[in-house]
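Some notes on the structure that comes next.
Numbering (this note's numbering), first residue to last: 3 to 202.
As structure tokens, this is what we get:
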């Protein structure tokens, strides 16, 4: 099942060329890559989904039997609690502390996703931290959270006004024609398979 790569610019297109006759057997190499695509649901069935781009073009994708459907919902500083698994981009402030620019609270189904702390390749010199909260306390209006990840721990300040998003797992019946979504999945030599849909 091929997606049209020019629609969304997110998938790797593989072209198979005729090979000369061989006297020995050859093994076809299976190549798998990951993709992320944004669009609006055109149709959805038990085993496939079609998305429409902003230009009105349509591509079709297979749905994994283990599909996970997520929804982003606004949250607050007070919603950040110990043992939450979070992801946060942050910049170093004048106080030499990491200050979040956005924080997402992951559902249990995504615990461990992208775990660790690493620099981001952006002009602001941000870091990305995916980790488990070990402590959270609101002080002077800001939520200072302590997090741990394999090989280290860190502390971040989530100031008032910084977007806090809670990601919930929801029933796939909420994915309907007209829904704006982000899909993620894998692409191999023949099929684009969606493993995760996030309602926007």
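Backbone N, C-alpha and C fix where the C-beta goes; we use that ideal spot for every residue, glycine too.
With H, G and I counted as helix, E and B as strand and the rest as coil, what does DSSP make of residue i?
i	result
residue 144	strand
residue 174	helix
residue 111	helix
residue 57	coil
residue 80	helix
residue 99	coil
residue 164	coil
residue 124	coil
residue 152	coil
residue 181	coil
residue 74	strand
As a quick exercise: from the options, pick the residue whose alpha carbon is nearest that of residue i.
i	options	result
residue 175	89, 45, 40, 37	45
residue 166	75, 49, 53, 96	75
residue 57	40, 89, 158, 90	40
residue 110	125, 94, 187, 171	171
residue 51	179, 188, 80	179
residue 201	89, 59, 186	186
Any idea if residue i is buried or exposed, counting beta-carbon neighbours within 10 angstroms, 16 or more meaning buried?
i	result
residue 142	exposed
residue 119	buried
residue 128	buried
residue 190	exposed
residue 2	The requested residue 2 does not occur in the structure, where the chain is confined to residues 3 to 202.
Determine, using beta-carbon pairs with one atom in the region 98 to 106 and one in the region 151 to 161, whether at least three such pairs fall under 8 angstroms. yes
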